[in-house]
Amino acid sequence: MSSESLPSQTGPVYHILSFYYIHVLDQNTGVTRLEIGPKTFFRQDNETITLGPEKMIILPPRHYCVVENPVVKNDIGQVQLDENGQVKLLHGDIEIRLNKDYKEPFPLYPGETLREAL
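Here is the structure:
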């Protein structure tokens, strides 16, 4: 998923469009977090944009995708964070995300990778 059509943004202000996201590394804590649009994001001096803006993944009807290192979710589907505030991942695991479970566009959290999209 490449955002080649979006202009490169290198200043302190990032305009994140609807259905786009960025990964922000806080260099003080070493934690990468997810910022989802639409919003105007103001980058602090201790932050680096490590990915994005990238388009969220949209699964058409009867399609699926395979995600490596998926995030850990609780019983109600909320992403779990560790004591430092970064997302918990199931390292070395894969998750098949079906259209019936992900009707809304979704971002990839820091550490997740899209292995296969159909």
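Number 199 in our numbering belongs to position 67 of the sequence shown; there are no gaps in the numbering. A virtual CB, placed ideally from N, CA and C, is assigned to each residue, including glycine. Treat the numbers as computed from the prediction; the structure is a model and nothing was measured.
- The Cβ atoms of Thr-172 and His-155 lie no closer than 8 angstroms to each other.
- Taking Pro-239 as the centre and dropping the five residues before and after it, the same chain places the C-beta of Tyr-153, Leu-166, Ile-168, Glu-186, Met-188 and Ile-189 closer than 8 angstroms to its C-beta, in chain order.
- Looking at the backbone, the Cα of Asn-206 and that of Pro-237 are separated by about 20 angstroms.
- Your pair Val-204 and Leu-221 checks out as a contact, with CB atoms roughly 7 angstroms apart and the cut at 8 angstroms.
- Linking Ser-150 to Asn-160 through their CA atoms gives a straight-line distance of about 29 angstroms.
- In this structure Asn-216 is exposed. Its beta-carbon is surrounded by fewer than 16 other beta-carbon atoms within 10 angstroms.
- Here Thr-164 is buried, its C-beta having at least 16 other C-beta atoms within 10 Å.
- Assignment of Asp-207 by DSSP, reduced to helix, strand and coil, places it in the coil class.
- For Thr-180, the enclosing beta strand (DSSP E) stretches over residues 179-187.
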